[in-house]
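Asks:
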Amino acid sequence: MSNALIVIDVQNDFCPGGALAVAGGDEIVPGINALMADFDAVVLTQDWHPAGHSSFASSHDGLDPFGTVEMPYGTQVLWPDHCIQGSDGAAFHGDLNTDRADMIVRKGYNPAIDSYSAFFENDHETPTGLHGYLQTRGIDTLTMVGLATDFCVNFSAVDAAKLGYAVTVRTDLCRAIDLDGSLAAAIDGMAAAGVTVA
Ligand code: VGL
Ligand code: ZN
0 MSNALIVIDV QNDFCPGGAL AVAGGDEIVP GINALMADFD AVVLTQDWHP AGHSSFASSH
60 DGLDPFGTVE MPYGTQVLWP DHCIQGSDGA AFHGDLNTDR ADMIVRKGYN PAIDSYSAFF
120 ENDHETPTGL HGYLQTRGID TLTMVGLATD FCVNFSAVDA AKLGYAVTVR TDLCRAIDLD
180 GSLAAAIDGM AAAGVTVA
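Going by numbering that gives the first Met the number 0, 18 is the number at position 19 of the sequence shown; the sequence numbering is gapless.
(1) Considering only the beta carbon of each residue, do ARG169 and THR140 sit closer than 8 Å?
(2) Should HIS48 be labelled buried (16 or more other beta-carbon atoms within 10 Å of its own) or exposed?
(3) Report back the beta-carbon spacing between VAL6 and VAL41 to the nearest angstrom; my notes put them in contact at under 8 Å.
(4) Spatial neighbours of SER155 within its chain, please: CB distance less than 7 Å, with the 5 preceding and 5 following residues excluded, ordered by chain position.
(5) Let's see if you can read the secondary structure: which residues bound the alpha helix (DSSP H) around GLY131?
(6) According to DSSP, simplified to helix, strand and coil, what is ILE112?
(7) Which residues bound the beta strand (DSSP E) around GLY145?
(8) Just to check, is the beta-carbon of PHE118 closer than 7 Å to a non-hydrogen atom of the ligand VGL?
(9) Are the beta-carbon atoms of LEU146 and PHE13 separated by less than 8 Å?
(10) Identify, in the order they occur along the chain, each residue of the same chain with its Cβ nearer than 6 Å to the Cβ of THR67, setting aside the five sequence neighbours on each side.
(11) Can you pull the DSSP bridge partners for GLN10?
(12) Contact between the segment 49-62 and the segment 179-188 is defined here as three or more beta-carbon pairs at a separation below 8 Å; is this criterion met?
(13) Straight-line CA distance for ALA184 to HIS123?
(14) Is any heavy atom of the ligand VGL found at a distance shorter than 7 Å from the C-beta of LEU43?
(15) Just grab the DSSP bridge partners of GLN268 for me.
(16) Would you give the residue range spanned by the beta strand (DSSP E) that ALA20 belongs to?
(17) At what residues does the beta strand (DSSP E) containing LEU43 begin and finish?
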């Protein structure tokens, strides 16, 4: 069997100067590029929302970014408008080595459901197709890096562990949003799910 590096959402809007900037988000790019040579496959994910997406605070009258709203699939954090399909903010960081990517998985394109995980939308049911791709390539071991540790990396790693992959998260090559203790909760949740948090 083989291994894959899963690079989560290393996009301009999650880097300093972006719409949902993660502190130090750009610092991890050289280390991620260097790591790519160690894997059989490299997969990039790309947060890819239509304008007016239901995860944007601007789509809910009277609600502010970083608050929450109840959606049919559970509690959803509301975000500033970010990663709008085709925008510069949705583009990968300019220094990320995208040439090495075998596969790019876009997520969050369904207007009614957010998608933190690379495997399932936030209803935890609707698949992105990544599991099928990895299975058909015989990949059983994953290393995850990218943005943000406590949201998209966390959800992706926990789903991957549930699906039976051996998963390592390289926290030195991730950066967090850290809303109300979300980073500590994510580290605990990943460890509890059997993810190796390195
Ligand atoms: C993310 C919030 C909203 C992430 C994406 O990549 O962690 N966080 N959309
Ligand atoms: Zn998003």
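Positions of the beta carbon are idealized from the N, C-alpha and C atoms, including for glycine. Being a predicted model, the structure only gives us computed values, none of them experimental.
Replies: Let's see:
(1) Looking up residue 169 in the sequence shown gives position 170. Looking up residue 140 in the sequence shown gives position 141. Not in contact: ARG169 and THR140 (Cβ atoms no closer than 8 Å).
(2) The residue labelled residue 48 in the question sits at position 49 within the sequence shown. With 16 or more Cβ atoms within 10 Å of its Cβ, HIS48 is classed as buried.
(3) Locating residue 6 in the sequence shown gives position 7, counting from the first residue. Locating residue 41 in the sequence shown gives position 42, counting from the first residue. Yes, they are in contact, since the Cβ atoms of VAL6 and VAL41 sit about 7 Å apart, within 8 Å.
(4) Counted from its first residue, the sequence shown places residue 155 at position 156. Counting only Cβ-Cβ distances below 7 Å, and skipping sequence neighbours, we find ILE5, ILE7, SER116, ALA117, PHE118 and MET143.
(5) As a first step, residue 131 must be located in the sequence shown, where it is residue number 132. Counting along the chain, the alpha helix (DSSP H) containing GLY131 begins and ends at 129-135.
(6) Within the sequence shown, residue 112 is the residue found at index 113, counting from 1. The answer is coil: DSSP assigns ILE112 none of H, G, I, E or B.
(7) Residue 145 sits at position 146 when you count from the first residue of the sequence shown. Looking at the DSSP string, the run of the beta strand (DSSP E) that includes GLY145 is 138-146.
(8) One-based indexing of the sequence shown puts residue 118 at position 119. No; taking the cut-off as 7 Å, the Cβ of PHE118 has no heavy atom of the ligand VGL nearer than that.
(9) Sequence index remark: in the sequence shown, residue 146 carries index 147 (1-based). Sequence index remark: in the sequence shown, residue 13 carries index 14 (1-based). Yes, Cβ-Cβ distance for LEU146 and PHE13 is below 8 Å.
(10) Start at 1 with the first residue of the sequence shown, and residue 67 comes out as number 68. Answer for THR67: THR74 and VAL76, listed in chain order.
(11) Mapped onto the sequence shown, residue 10 falls at position 11. According to DSSP, GLN10 bridges with PHE91.
(12) no
(13) Translated into positions along the sequence shown, residue 184 becomes position 185. Translated into positions along the sequence shown, residue 123 becomes position 124. Roughly 19 Å between the two C-alpha positions.
(14) The residue you call residue 43 lines up with position 44 of the sequence shown. No.
(15) Outside the shown range of the chain, which is 0 to 197, sits residue 268, and nothing can be said about it.
(16) Looking up residue 20 in the sequence shown gives position 21. It is not in any beta strand (DSSP E) - ALA20 carries neither H nor E in the DSSP assignment.
(17) On the sequence shown, residue 43 is found 44 positions in, with the first residue counted as 1. Counting along the chain, the beta strand (DSSP E) containing LEU43 begins and ends at 40-46.
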